[in-house]
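Numbering (the working numbering), first residue to last: 444 to 528.
Glycine included, each C-beta is placed from N, C-alpha and C at the ideal position.
The block underneath contains the structure these notes are about, expressed in structure tokens.
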């Protein structure tokens, strides 16, 4: 019997981001902390680019991979909150 929750994964990751003008490149390494079905590998990498579109809005494209095999392609639109101290 199949359930949607069988395909849900949760993970934690650390990320490094390098800004080049309005473009940012990032590299992240992470690991799964919750899964019902066993992942191919317990550790994954993410590589991607973020492009600033407006003051706090950015576009995103990335690849999530297990070692040298791409597992997911990510794309999206995001909003960045700026906190002033």
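Query raised in the report: So what's residue 446 in DSSP terms, helix, strand or just coil?
Result: Residue 446 falls in the coil class under three-state DSSP.
Requested in this report: Answer yes if the stretch 498-506 comes into contact with the stretch 473-483, meaning at least three C-beta pairs across the two stretches below 8 angstroms, and no otherwise.
Outcome: No: the two stretches stay apart, fewer than three of their Cβ pairs being nearer than 8 angstroms.
Requested in this report: Starting from residue 495, trace the beta strand (DSSP E) both ways and give me its first and last residue.
Outcome: 486-495
Requested in this report: Quick one: give me the first and last residue of the beta strand (DSSP E) that residue 509 is part of.
Outcome: 500-509
Query raised in the report: Are the beta-carbon atoms of residue 476 and residue 492 separated by less than 8 angstroms?
Result: no
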